[in-house]
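See structure below.
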Amino acid sequence: MSSLEIWSFEMLVLASGWLPNPKLETSVLSISLNTCAMAYMIPLAFGGAASTRVSNLLGAGQPRLARLAACVTLCLVVTEGIVVAAVMILCRKVWGYCYSSEKEVVNYAGEMLIYVAVSHFVDGPQSVLSGIIRGSGQQKIGAYVNLGAYYLLGIPTGVLFAFSLHIGGKGLWIGIIVALCVQSLFLAIIVIQTDWDKEVKKASDRVHNTISAGDAS
């Protein structure tokens, strides 16, 4: 699941090399990607915690607590997203100086940071929802969602905005935002429709099958 998402970000950086003024575009997109990756460590931790907590509670036969853990983690990551996005927007005019002393790069990075802030806010719930889906053993469904959101919608949208509508690197990042929104929407639908009692039974069956296989060997 995660690999499909990471690869799509790298592909957009490569695509920025085909834009007018590729030196500026690749520099700023690399700054944006680095900033996004650094900020993503927080929701990534929330996602890992959600995955572990949900899987443990399902294995313990406590579906209500598993659902509660999922809801609490989502609330926490939304709060984190608001705070971090606000900091990004407030610091956007000076953040570029951490990477470059060129005024053109700093100014463009400041403009891009608004898009990065939006993507980070959306990426938080997506990360936690992905963790919940991993914890409930639905990784295959999550992989299909990621594949469709990024490669069938996000990347083509980014290329359209960047090259056909001539928005440049901002257009590529709009593609990322679109992919994240679609991904979050579908993952949320999957989590909402999850039958937690049924997932408890599945977890119990998996444990039983593993024990049986171990005894047989």
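Just so you know, we're using the numbering used here here: the sequence shown kicks off at 147 and counts up by one.
Even glycine gets a Cβ: it sits at the ideal position worked out from N, Cα and C.
Evaluate residue i with the Cβ neighbour count: other Cβ atoms within 10 Å of its Cβ, from every protein chain shown; 16 or more gives buried, anything less gives exposed.
i: Q329; result: buried
i: W319; result: buried
i: T225; result: exposed
i: C221; result: exposed
i: M258; result: buried
i: R210; result: exposed
Identify whether residue i lies in helix, strand or coil by the three-state DSSP scheme.
i: H266; result: helix
i: D341; result: coil
i: Q284; result: coil
i: G163; result: coil
i: G304; result: helix
i: I313; result: coil
Between the alpha carbons of residue i and residue j, how many angstroms are there, rounded?
i: Q272; j: S247; result: 34 Å
i: A185; j: A289; result: 23 Å
i: I313; j: L165; result: 10 Å
i: C217; j: D341; result: 15 Å
i: L311; j: G205; result: 50 Å
i: S162; j: I177; result: 13 Å
i: T172; j: V346; result: 47 Å
i: G193; j: R280; result: 9 Å
i: V189; j: M234; result: Val is not the amino acid found at residue 189; the sequence shown has Pro there. Distance between the alpha carbons of P189 and M234 is about 15 Å.
i: Y245; j: F309; result: 26 Å
On the premise that residue j lies in contact with residue i, defined as a C-beta separation below 8 Å, what is that separation, rounded to the nearest angstrom?
i: K254; j: L306; result: In the sequence under discussion, the amino acid at residue 254 is Tyr, which differs from the Lys named in the question. That pair is no contact at about 21 Å.
i: A196; j: V274; result: 5 Å
i: V230; j: Y243; result: That pair is no contact at about 19 Å.
i: V174; j: G315; result: 6 Å
i: Y296; j: E151; result: 6 Å
Any beta carbon from chain C within less than 7 Å of residue i's own beta carbon?
i: D343; result: This model lacks chain C altogether; it includes just one protein chain.
Enumerate, from N- to C-terminal direction, the unbroken alpha helix (DSSP H) stretches of 4 or more residues contained entirely within the segment 211 to 279. Within the segment 211 to 279, the complete alpha helix (DSSP H) runs of at least 4 residues are 238 to 241.
Can you check the segment 173 to 207 for any beta strand (DSSP E) of at least 3 residues that lies completely inside it and give the ranges in chain order? With a minimum length of 3 residues, no continuous beta strand (DSSP E) run stays inside the segment 173 to 207.
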